[in-house]
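*Asks:* Residue numbers (my numbering): 8 to 91. Take a look at the following structure, please.
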């Protein structure tokens, strides 16, 4: 589980080859939904985004494996991303 940002500075969750953006912030958890449209899959993280409360369901989109390789390479080379 890694976090990056969009070009506009919004937080993006990268998890198991898929990207998620924040959907709603609750008092006890944060709800994230898949960036690919139509958005059919979501997952829940604890309020501090350090652990998964509810795993994502089945995606109808395909994982972005090329992006995952870039994120990992970027992380190793520049240490700008952090693992949770």
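Built from N, CA and C at the ideal position, the CB exists for glycine as well.
(1) Between 52, 42 and 48, which has its C-alpha nearest residue 64's C-alpha?
(2) If distances are taken between C-alpha atoms only, which option among 34, 44 and 36 comes closest to residue 26?
(3) Kindly indicate which residue of 9, 34, 17 and 61 has the alpha-carbon position closest to the one of residue 24.
(4) By the three-class DSSP mapping on this structure, what secondary structure does residue 15 have?
(5) Confirm, please, whether the CB-CB distance from residue 15 to residue 28 is below 8 Å.
(6) What separation, rounded to the nearest whole angstrom, lies between the Cα atoms of residue 7 and residue 40?
*Replies:* Inspection of the coordinates gives the following:
(1) Minimum Cα distance to residue 64 is reached at 48.
(2) Of 34, 44 and 36, the residue nearest in Cα terms is 44.
(3) If you compare the alpha carbons of 9, 34, 17 and 61 with that of residue 24, the shortest gap goes to 9.
(4) Reduced to three states, the DSSP call for residue 15 is coil.
(5) Contact: no.
(6) Because the chain is modelled from 8 through 91, residue 7 falls outside the range shown and cannot be assessed.
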